[in-house]
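Enquirer:
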Amino acid sequence: MQFITHYTERYSYLDAARMALEGGCRWVQLRMKDTPVETIEPVALEVQALCRQYGATFIIDDHVELARKLHADGVHLGKKDMPIADARRILGAEYIIG
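The sequence shown begins at 1 in full-length UniProt numbering and counts up one residue at a time.
(1) Go to T57, then tell me how far its beta strand (DSSP E) extends in each direction, as first and last residue.
(2) Which residues in the same chain have their Cβ closer than 7 Å to the Cβ of A20, if we skip the five residues on either side of it in sequence?
(3) Label G74 either buried or exposed according to how many other C-beta atoms from any shown protein chain fall within 10 Å of its C-beta, with 16 as the threshold for buried.
(4) So, with DSSP's three-state summary, where would you put L77?
(5) Please determine if the region 38 to 55 and the region 75 to 88 are in contact, where contact requires at least 3 C-beta pairs separated by less than 8 Å.
(6) Can you give, in chain order, each stretch of the beta strand (DSSP E) that sits fully within the UniProt domain "Thiamine phosphate synthase/TenI" (3 to 98) and has at least 3 residues?
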């Protein structure tokens with residue numbers, strides 16, 4: 001099962017990821033659309049640490065360089081994002097690109 005975070009006023013990204021992981025999810029995609037990377041990075045670090053505690057895969061939405069910097073498990077790219085071939089050159093073979 002994969003959990004994709006989304007903004008809610010009720011739960012923080014971290015709290016939502018925690019609930020998904022506690023419920024058995026082992027794949028979390030941090031999706032913070034239209035948010036500056038400077039705001040995403042500290043949240044990503046927290047969610048990534050939580051994923052590591054649970055042995056879960058951690059994917060960052062859209063931001064190839066941030067995924068590389070934080071050593072996330074991979075990145076999710078939309079149709080309007082960087083071409084997959086370019087992302088593969090930056091990340092190498094060990095990263096998941098979806």
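Every residue gets a Cβ at the ideal spot worked out from N, C-alpha and C, and that includes glycine. Model, not experiment: these values are computed from the prediction.
Expert: In this structure, then:
(1) T57 to D61
(2) F3 and V28
(3) buried
(4) coil
(5) no
(6) 27 to 30, 57 to 61 and 74 to 76
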